[in-house]
Amino acid sequence: FINSDFVAPNVLEIDVNTGVLAELAEVTGCLQQLGMVEGPVDLGNGVRLHSTHPSWKSDILWISQADRAGYDYFEDIFRRLRIAENVASKIPHDNEIIMYSGFFVTRSFCDQPDFHHDWVDADNNAFTYLGPVSANCGELGLVYQNLRGQQGHYDYRLGKGLVFGDYFLHSTAPGRASGSTVFLSFTFGTDRMDYWPKNAKTAAAQGMFH
891 FINSDFVAPN VLEIDVNTGV LAELAEVTGC LQQLGMVEGP VDLGNGVRLH
941 STHPSWKSDI LWISQADRAG YDYFEDIFRR LRIAENVASK IPHDNEIIMY
991 SGFFVTRSFC DQPDFHHDWV DADNNAFTYL GPVSANCGEL GLVYQNLRGQ
1041 QGHYDYRLGK GLVFGDYFLH STAPGRASGS TVFLSFTFGT DRMDYWPKNA
1091 KTAAAQGMFH
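Residue numbers for the sequence shown follow the working numbering, beginning at 891 and rising by one.
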């Protein structure tokens, strides 16, 4: 599908429950003090997470579940935010939409875009959600390429988030924030295992547990 506002494929802006996000305030504060730490992350709430720094031109960290307890922690947030309901009608499935992985994403600067697709040839059977948690997320936006070959810019706002599937070419926008920004992200999609080989190219390659 094409989003006429973005003039780009397979992307939606959705509303999210700010009350659920507010419950993450203590965790958000811990993440903003984390610094560039790769490996195990202890948030003090008994949940084991793991931090990875992609080789991008920023200080971005992907902080995901390290075990089943961590998965359950993210899945509870995913279900209460009702992320899947926004695209469930577009995803063929038998019983339910599955969360593959959950993440906190932190970053305070980006020197140069690293354009990439999260999903290619997954036939929109899998999607990514990315949305702000900390109040300063609007200081670092997202850039994307539209179908006219032009570069668009998206400003994050609390209470809003992006859901995107195949062939949405995007990156963190260059810039510097006043401090570390904290985002919440999920990968999710069909429960049909016949589609897993294609989805796994992304969903099974991020983090230690899915």
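Even glycine gets a Cβ: it sits at the ideal position worked out from N, Cα and C.
From a predicted model like this one, the values you see are computed outputs, not experimental measurements.
A distance below 8 Å separates the beta carbons of residue 1096 and residue 1077. Taken through DSSP and simplified to helix, strand or coil, residue 967 comes out as helix.
DSSP links residue 1016 through a beta bridge to 1079. Boundaries of the alpha helix (DSSP H) harbouring residue 920: 915-922, taken from the DSSP string. Per DSSP, the continuous beta strand (DSSP E) segment holding residue 1050 begins and ends at 1050-1054. DSSP places residue 1072 within a strand segment (E or B) once states are collapsed to three. Around the beta carbon of residue 908, a 10 Å sphere encloses fewer than 16 other beta carbons of the protein chains shown; the residue is thus reported as exposed. Taking residue 958 as the centre and dropping the five residues before and after it, the same chain places the C-beta of 1099 closer than 8 Å to its C-beta, in chain order. With 16 or more other Cβ atoms from the protein chains shown falling within 10 Å of its own Cβ, residue 987 counts as buried. When 1060, 1055, 1066, 1082 are compared, the shortest CA-CA separation from residue 1092 is found for 1055. Contact between residue 1015 and residue 981 holds, with the beta-carbon distance rounding to 6 Å and staying under 8 Å. Per DSSP, the beta bridge partners of residue 952 are 942, 995. In the three-state scheme derived from DSSP, where H, G and I count as helix and E and B as strand, residue 1029 is classed as helix. Taken atom to atom, the span from the alpha-carbon of residue 1069 to that of residue 898 is near 30 Å.
In the displayed model, residue 1087 falls within a helix according to three-state DSSP. Contact annotation, residue 906 with residue 1021: C-beta distance approximately 6 Å; criterion of less than 8 Å satisfied. Excluding its 5 nearest sequence neighbours in each direction, residue 1007 has C-beta neighbours in its own chain below 7 Å: 1057, 1058, 1059, listed in chain order. Around the beta carbon of residue 892, fewer than 16 other beta carbons lie within 10 angstroms, which makes this residue exposed. In the structure shown, the three-state DSSP call for residue 958 is helix.
The shortest C-alpha to C-alpha distance from residue 998 to any of 902, 894, 946 is the one to 946.
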